[in-house]
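Asks:
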Amino acid sequence: MKILDGKLVSQSVKDELKKQVDALIARNKKVPHLAAVLVGTNGASETYVASKIKNCAETGFKSSLVRLNEDVAESDLIEAIEKLNNDEDVDGILVQLPLPKHINEEKIINLIRPDKDVDGFHPQNTGKLLLGQPTFIPATPYGIMLMLEHYAIETAGKHAVVIGRSNIVGRPMSILLSLNTNPGNCTVTLCHSRTKNLDNFCREADIIVAALGKPGFLTADMVKENAVVIDVGITRVPDATKKSGFSIKGDVDFNNVAPKCSYITPVPGGVGLMTIAALLKNTFNAYKAKHGM
Ligand code: NAP
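Following this note's numbering, the numbering of the sequence shown begins with 80 at its first residue and continues without gaps.
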């Protein structure tokens with residue numbers, strides 16, 4: 080069994096980006112600029128945004144943060160996004176999800192300029208992904224593809240089971256694995272809460288991507304010998320032994336599943352770190368497209 084090390088792979092992606100940013104600085108060029116919009120003070124969202132900003136700094140990117148109150152009027156959020164859309168200095172925009180209930184998430188996503196949509200959630204970019212055209216790939220599935228590529232994991236002809244069909248993880252993951260690319264060329268089964276006999280699909284899978292948000296859901300009896308297991312889940316579980324009062328759990332029963340796998344991602348230290356590296360890569364790609372590089 081080999082651990083797919085998100086720390087190592089994300090660092091190599093970031094090192095490569097930093098080299099390119101350093102080359103820009105040496106030529107007195109502007110550096111890539113990622114703007115984040117954070118509505119409210121949700122603990123997990125705060126942590127994610129802080130981490131994205133920290134990673135921008137480590138890679139030499141400029142970042143900015145627009146903070147809005149939980150009860151912000153939708154019209155004010157729209158105004159903030161339009162300002163970023165029109166700001167020539169901003170290359171990539173991300174709106175941290177989820178948004179408060181009174182805000183129409185779909186409307187907000189559709190408002191982000193597609194060429195600055197580094198989360199890859201705009202319908203125009205989703206359509207391109209479906210057609211296999213170059214686009215911004217949602218960061219979590221993109222990060223997983225980078226990881227599969229880094230470890231040269233054979234995917235062609237394999238049966239991949241993706242558990243979860245969200246627009247940000249499961250569905251784009253299923254599309255990417257099914258494309259005629261490397262990694263890709265899998266035969267994909269996309270499972271969700273209405274799937275019958277999910278255990279049987281998993282037991283036949285060469286690759287399993289668990290992205291449902293249920294800690295420890297994927298157990299050893301659901302995994303065949305030598306499977307590749309990718310754990311996307313991040314759930315805060317109360318833990319009195321931790322200073323924060325919680326620990327982070329993945330969707331895989333890691334201790335019992337790992338011995339059966341050829342490769343497996345840990346939580347933390349796996350997909351989460353790759354997600355941020357992929358976001359930075361998307362931002363750099365937005366910068367390059369804008370500057371004709
Ligand atoms: P989501 O929008 O809640 O979607 C969950 C999906 O799982 C849905 O499609 C749902 O099916 C399916 N599901 C729920 N219970 C199920 C069950 N018992 N059996 C089969 N399918 C089931 O969640 P998400 O945004 O995709 O996130 C999933 C997990 O990944 C969460 O833990 C989240 O925190 C984590 N995440 C991690 C990263 C990272 O960087 N590592 C990034 C994003 C998300 P229905 O469609 O039928 O409801």
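The C-beta atom is built at its ideal place from N, Cα and C for all residues, glycine as well.
Keep in mind it's a predicted model, so treat the numbers as computed, not measured.
Can you name the start and end residues of the beta strand (DSSP E) that proline 317 belongs to?
Replies: As a first step, residue 317 must be located in the sequence shown, where it is residue number 238. Proline 317 -> beta strand (DSSP E) spans 314 to 317.
Asks: Using alpha carbons as the reference points, say which of Arg282, His112 and Met252 lies closest to asparagine 134.
Replies: Numbered from 1 along the sequence shown, position 55 holds the residue referred to as residue 134. Of Arg282, His112 and Met252, the residue nearest in Cα terms is His112.
Asks: Using CA atoms only, rank isn't needed, just tell me which of Val240, Arg250 and Val316 is closest to leucine 221.
Replies: Here residue 221 is taken as the residue at index 142 of the sequence shown, counted from 1. Rather than leucine, the amino acid found at residue 221 in this sequence is tyrosine. Scanning Val240, Arg250 and Val316 for the CA closest to the CA of tyrosine 221 turns up Arg250.
Asks: Taking 7 angstroms as the line, does the beta carbon of glycine 122 fall inside it for any heavy atom of the ligand NAP?
Replies: By 1-based counting over the sequence shown, the position of residue 122 is 43. Glycine 122 Cβ: outside cutoff for every heavy atom of the ligand NAP.
Asks: Please confirm if the segment 170 to 178 is in contact with the segment 187 to 200, defined as three or more CB-CB distances below 8 angstroms between the two stretches.
Replies: yes
Asks: So, using beta-carbon positions, are leucine 144 and leucine 163 closer together than 8 angstroms?
Replies: The residue given as residue 144 occupies position 65 in the sequence shown. The residue given as residue 163 occupies position 84 in the sequence shown. No, these two residues do not count as a Cβ contact at 8 angstroms.
Asks: Would you say the beta carbon of alanine 290 comes nearer than 7 angstroms to a heavy atom of the ligand NAP?
Replies: On the sequence shown, residue 290 is found 211 positions in, with the first residue counted as 1. Answer for alanine 290: yes, Cβ within range of the ligand NAP.
Asks: Quick check: what's the CA-CA separation for proline 179 versus glycine 119?
Replies: The sequence position of residue 179 within the sequence shown is 100, counting from 1. The sequence position of residue 119 within the sequence shown is 40, counting from 1. Approximately 8 angstroms, taken between the alpha carbons.
Asks: Evaluate proline 262 with the Cβ neighbour count: other Cβ atoms within 10 Å of its Cβ, from every protein chain shown; 16 or more gives buried, anything less gives exposed.
Replies: Translated into the one-based positions of the sequence shown, residue 262 becomes position 183. Answer is buried; the Cβ neighbour count reaches 16.
Asks: Among the candidates Ala129, Val169, Ile182 and Ser142, whose CA atom is the shortest distance from the CA of aspartate 25?
Replies: With the chain covering only 80 through 372, there is no way to say anything about residue 25.
Asks: Straight-line CA distance for valine 307 to histidine 271?
Replies: For this step, residue 307 is matched to residue 228 along the sequence shown. For this step, residue 271 is matched to residue 192 along the sequence shown. Roughly 19 angstroms separates the two Cα atoms.
Asks: Can you tell me whether lysine 328 is buried or exposed, with buried defined as 16 or more other CB within 10 angstroms of its CB?
Replies: Here the question's residue 328 lines up with position 249 in the sequence shown. Flag for lysine 328 reads buried.
Asks: Counting only beta-carbon separations shorter than 8 angstroms, does glutamate 137 have a partner in chain C?
Replies: Any reference to chain C falls outside this structure, which holds one protein chain only.
Asks: With hydrogens ignored, establish whether the beta-carbon of threonine 205 is closer than 7 angstroms to any heavy atom of the ligand NAP.
Replies: Your numbering for residue 205 matches position 126 in the sequence shown. Flag unset: Cβ of threonine 205 not near the ligand NAP.
Asks: Count the other CB atoms, across all protein chains shown, that sit within 10 Å of the CB of valine 240; report buried if there are 16 or more and exposed otherwise.
Replies: Numbered from 1 along the sequence shown, position 161 holds the residue referred to as residue 240. So valine 240 counts as buried.
Asks: Measuring only the C-alpha atoms, how far is cysteine 265 from isoleucine 287?
Replies: Position 186 of the sequence shown, counted from the start, is the residue given in the question as residue 265. Position 208 of the sequence shown, counted from the start, is the residue given in the question as residue 287. Spanning the two alpha carbons is a distance of roughly 11 angstroms.
Asks: Taking its Cβ as the centre, do 16 or more other Cβ atoms sit within 10 Å of threonine 126, making it buried, or is it exposed?
Replies: Looking up residue 126 in the sequence shown gives position 47. Exposed, because fewer than 16 other Cβ atoms sit within 10 Å of the Cβ of threonine 126.
Asks: Name the residue from Pro193, Leu255 and Leu359 whose alpha carbon lies nearest to the alpha carbon of leucine 210.
Replies: Taking the first residue of the sequence shown as position 1, residue 210 is located at position 131. Cα-wise, what sits closest to leucine 210 is Leu255.
Asks: Return yes when at least one heavy atom of the ligand NAP lies under 7 angstroms from the C-beta of valine 302, else no.
Replies: Taking the first residue of the sequence shown as position 1, residue 302 is located at position 223. Because no heavy atom of the ligand NAP lies under 7 angstroms away, the Cβ of valine 302 does not count as near it: no.
Asks: Between valine 151 and alanine 114, what straight-line distance do the alpha-carbon atoms span, to the nearest angstrom?
Replies: Here residue 151 refers to the residue found at position 72 of the sequence shown. Here residue 114 refers to the residue found at position 35 of the sequence shown. The straight-line gap from Cα to Cα measures roughly 18 angstroms.
Asks: When we look at the beta-carbon of proline 338 and count the other beta-carbons within 10 Å, is it buried (16 or more) or exposed?
Replies: In the sequence shown, the residue the question calls residue 338 occupies position 259. Exposed is the call here.
Asks: Per the contact definition of three or more C-beta pairs closer than 8 angstroms, is the segment 359 to 368 in contact with the segment 90 to 104?
Replies: yes
Asks: Where do the ends of the alpha helix (DSSP H) carrying tyrosine 366 lie?
Replies: The residue labelled residue 366 in the question sits at position 287 within the sequence shown. Start and end: 350 to 369.
Asks: Methionine 372 to arginine 282, Cα distance in whole Å?
Replies: Here residue 372 refers to the residue found at position 293 of the sequence shown. Here residue 282 refers to the residue found at position 203 of the sequence shown. Methionine 372 and arginine 282: Cα-Cα distance of roughly 45 angstroms.
Asks: Please state whether DSSP places valine 151 in a helix, a strand or coil.
Replies: Taking the first residue of the sequence shown as position 1, residue 151 is located at position 72. Reduced to three states, the DSSP call for valine 151 is coil.
Asks: What residues match up with arginine 146 in a beta bridge as DSSP calls it?
Replies: Taking the first residue of the sequence shown as position 1, residue 146 is located at position 67. As computed with DSSP, arginine 146 is found in a beta bridge with Leu117.
Asks: May I ask you to list the residues that DSSP assigns as paired with tyrosine 342?
Replies: Residue mapping note: residue 342 aligns to position 263 of the sequence shown, counting from 1. Tyrosine 342 is bridged to Lys81 and Val307.
Asks: Going by DSSP, what residue range makes up the beta strand (DSSP E) through threonine 386?
Replies: No answer is possible for residue 386: it lies beyond the span of the chain, which begins at 80 and ends at 372.
Asks: For a test of the three-state rule: what should DSSP assign to serine 124, helix, strand or coil?
Replies: Taking the first residue of the sequence shown as 1, we reach residue 124 at position 45. In the structure shown, serine 124 sits in a helix (DSSP, three-state: H, G or I).
Asks: Inspect the beta-carbon positions of leucine 352 and lysine 97 and report whether they are closer than 8 angstroms.
Replies: In the sequence shown, the residue the question calls residue 352 occupies position 273. In the sequence shown, the residue the question calls residue 97 occupies position 18. Their beta carbons are not under 8 angstroms apart, which means leucine 352 does not touch lysine 97 by this criterion.
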